[in-house]
Amino acid sequence: MPSLLQPPLLTRLLAAERILIAGAGGGFDVYAGLPIALALREAGKEVHLANLSFSHLHGLDAEVWLEPEVARIRPDTRSAEPYFPERTLARWLRLHGMPDTVWAFASVGVQPLRAAYRALTAHLGIDAILLVDGGTDILMRGDEAGLGTPEEDMASLGAVAGLTEVPERLVACLGYGVDAYHGVNHTLVLENLAALDRAGGYLGAFSVPRDSREGALYLDAVEHARAAFPEHPSIVQGSVAAALRGEFGDVRFTERTRHSELFVNPLMTLYFAVTVEALAARHLYLDRIERTHLTRQISTAVEEFRDTLPRHRPPRMFPH
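Using our numbering, read the sequence shown as starting at 86 and increasing by one per residue.
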C-alpha cells in the first residue's frame with residue numbers, strides 16, 4: 086500500500102534492481118531523469134541512462150552499436166555532430182566519477198524503436214523502465230487544442246507500451262508549464278492527470294529539493310550542458326533549473342526565447358508520475374502509429390487523426 090512518507094513512483098522503482106531511465110522526447114530529456122537516477126544509485130540500485138537522440142547516430146563507429154538503432158555513447162565516442170547531448174551527459178558523469186555510459190536510441194518509428202528497447206533491456210537485465218519527459222506533453226491524449234511536440238514522445242510511449250515482458254514501466258514528467266512555449270494548455274494536463282488517477286494510473290507528484298545532493302548535481306549538469314552548447318541550450322532544462330534556483334516569471338537564460346514570454350515557477354520542479362499502461366490505454370491515436378518505422382510516419386498519422394476530430398477539446402474553465 087502506498088505511504089505518505091514515500092511517493093508511489095519511488096516505491097515502485099525501489100522494488101526493482103536494474104532500472105533504465107530513458108529520455109522520451111529527444112534532446113536533453115534524459116537530464117530530466119538525472120535527479121531520480123542519482124537518488125536510486127545512492128540507494129544501491131543499478132541504474133542505466135538512455136535517450137532518444139536527435140544526433141546523426143549512423144555516422145558513429147561500428148563498435149558502439151549494440152543492435153540497429155541503439156548505440157553505447159561514452160565520453161570519448163567519436164562523432165562529427167557538434168550537438169550531442171548524450172555524449173555531453175557522459176562527459177559530465179565522468180567528471181563526477183560516475184558510470185559514464187549513456188545509451189542513444191535513433192529517432193525512428195515505433196517498431197524499430199521497440200526492437201531497440203527490447204535488445205537493450207535484455208542486454209542489461211532491466212526489470213523497470215522509467216520514461217522521462219522534459220515538460221508534460223507526453224500526457225496529451227490527442228484531442229487537445231495543442232499537443233506540443235508529440236512525435237518523439239509517442240514513439241517512445243508506443244515502443245515501451247509493447248514491452249510487456251518488463252515488469253515495471255513508468256513515466257515521469259519534469260517541467261510543468263514549460264510546454265506553453267509549444268501551445269500546450271496546462272489545465273488539460275491537470276484534467277488528464279485526474280482521469281489517469283480515476284483509472285488507477287496516476288502515481289502522484291513530488292519535487293526536487295534545491296538543497297539536496299540530487300538538486301545540486303542536476304543544476305551542475307544543466308550548467309555543464311549550457312556551457313557545451315551556448316548557442317543552443319535546453320529551454321526545458323534551463324527553465325527547470327531556473328525554477329529550482331527560486332527564480333520566477335519571464336526568466337532570460339538564452340536568446341532562443343527572446344520572442345517568447347516564459348513563466349518560470351515552482352511547479353516546474355515537480356515530478357508528475359503515471360504508469361505506461363494507463364497512459365497508453367487512454368491515448369486516442371497510439372494504435373494508429375503502432376506499425377510505423379519512421380518518425381515522419383508518426384507525424385502523418387497524428388495529422389490524419391486530428392483531421393477526423395469534429396473539434397479539439399477545450400480546457401475546462403475554473404470558477405472565479
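Quick reminder that beta carbons are idealized off the backbone N, C-alpha and C, glycines included.
Subject >> Reduced DSSP category for Asp335 - H, G, I as helix; E, B as strand; rest coil >> reply: In the structure shown, Asp335 sits in coil (DSSP, three-state: anything other than H, G, I, E or B).
Original post:
Using a beta-carbon distance below 7 angstroms, is Ala165 in contact with chain D?
Top reply: In the structure shown, chain D does not exist; there is a single protein chain.
Subject >> Best match in Arg373, Phe390 and Phe357 for proximity to Leu94 [C-alpha to C-alpha] >> reply: Phe357
**OP:** For Met225, count neighbouring Cβ atoms within 10 angstroms of its own Cβ and tell me buried if that reaches 16, exposed if not.
**Re:** The residue is buried, with at least 16 neighbouring Cβ atoms inside 10 Å.
Original post:
Which residue comes first and which comes last in the beta strand (DSSP E) that contains Arg254?
Top reply: Glu253 to Leu259
Original post:
Helix, strand or coil: how does DSSP classify His405 here?
Top reply: Any reading at His405 must be qualified, since the residue scores a pLDDT of 45, below 50, and its modelled position is unreliable; no value is offered.
**OP:** Would you mind working out which of Leu379, Leu329, Gly111 and Ile374 sits nearest Ala386, comparing C-alpha positions?
**Re:** Ile374
Original post:
If you compare alpha carbons, which of Tyr266, Val245 and Leu281 is closest to Glu346?
Top reply: Tyr266
Subject >> Residue from Pro395, Arg376 and Glu229 whose Cα sits closest to the Cα of Val197 >> reply: Reading the sequence as shown, one finds Pro at residue 197 and not Val. Selected option, being the one with the closest Cα: Arg376.
Original post:
Is the stretch 114-134 touching the stretch 202-219, taking contact as three or more C-beta pairs under 8 angstroms?
Top reply: Result yes; three or more Cβ-Cβ pairs closer than 8 angstroms.
Original post:
Buried or exposed: which applies to Glu171, given that a residue is buried once 16 or more other Cβ atoms fall within 10 Å of its Cβ?
Top reply: Its Cβ being crowded by 16 or more others within 10 Å, Glu171 is buried.
**OP:** Kindly list the residues whose CB is nearer than 7 angstroms to the CB of Asp228, restricted to its own chain and excluding five residues on each side of it in sequence; keep chain order.
**Re:** Leu369, Leu394, His397 and Arg398
Original post:
Asp372: buried (16+ other C-beta within 10 angstroms of its C-beta) or exposed?
Top reply: exposed
Subject >> Three-state class that DSSP yields for Gly108 in the structure shown >> reply: strand
Subject >> Residue(s) in a DSSP beta bridge with Asn136 >> reply: Gly108 and Ala189
**OP:** Could you round the C-beta distance between Val361 and Val256 to whole angstroms and report it? I think they count as a contact, below 8 angstroms.
**Re:** Going by Cβ atoms, the distance from Val361 to Val256 rounds to 6 angstroms, so yes, they are a contact pair.
Original post:
Among Asp282, Leu145 and Gly247, which residue has its Cα nearest to the Cα of Arg199?
Top reply: Gly247
**OP:** On the DSSP bridge assignment, give the partners of Ser297 in chain order.
**Re:** Paired residues: none, contrary to the question.
Original post:
What does DSSP give as the partner residues of Leu347 in its beta bridges?
Top reply: Answer is none; Leu347 lacks a bridge partner.
Original post:
Taking contact to mean at least 3 C-beta pairs separated by less than 8 angstroms, is the stretch 200-208 in contact with the stretch 145-154?
Top reply: yes
Original post:
Is His405 buried or exposed, if buried means 16 or more other CB atoms sit within 10 Å of its CB?
Top reply: With a pLDDT of only 45 at His405, under 50, the local geometry of the prediction cannot be trusted, and the value read off the model is given with reservation. It counts as exposed.
Subject >> Residues bridged to Asp212 [DSSP beta-bridge criterion] >> reply: Beta-bridge pairing links Asp212 to no other residue.
Subject >> Identified DSSP bridge partners for Phe390 >> reply: In DSSP, Phe390 forms no bridge with anything.
Original post:
Less than 7 angstroms separating the beta-carbons of Gln322 and Tyr116?
Top reply: yes
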